[in-house]
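Residue numbers (my numbering): 1 to 85.
Take a look at the structure:
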């Protein structure tokens with residue numbers, strides 16, 4: 001049986017291998033990925049989703065909320081589902 005943490009797809013790695021052009025589309029995701037990666041050493045798309053949800057909830061500026069919401073949509077629609085074993 002594979003280690004579940006090993007099978008998680010890292011968002012940035014996934015995007016880079018699938019289509020490097022996608023990175024241009026969302027700098028917010030890149031920034032969050034880099035921040036989380038520096039804090040924890042590895043990042044899953046679930047980590048990024050949780051971080052974006054927290055930022056949306058905490059932000060009072062509607063324009064910034066929209067940026068985070070667009071980034072959240074980007075992550076949700078651009079990443080594969082986790083395998084459940």
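Beta carbons: idealized from backbone N, C-alpha and C, even for Gly.
Answer yes or no: do residue 26 and residue 68 have a C-beta to C-beta separation smaller than 8 Å? No, the pair does not count as a contact, with Cβ atoms beyond the cut-off.
DSSP three-state assignment for residue 73, whether helix, strand or coil: Secondary structure at residue 73: helix, using DSSP grouped into helix, strand and coil.
At the level of alpha carbons, what is the spacing between residue 56 and residue 30? Rounded to whole angstroms, residue 56 to residue 30 spans 17 Å at the Cα level.
Taking buried to mean at least 16 other C-beta atoms within 10 Å of its own C-beta, is residue 47 buried or exposed? Buried: at least 16 other Cβ atoms inside 10 Å.
The alpha helix (DSSP H) spanning residue 45 covers which residue range? Counting along the chain, the unbroken alpha helix (DSSP H) around residue 45 starts and ends at 45 to 58.
Limits of the alpha helix (DSSP H) - the one that residue 33 falls within: Its alpha helix (DSSP H) spans residues 27 to 40.
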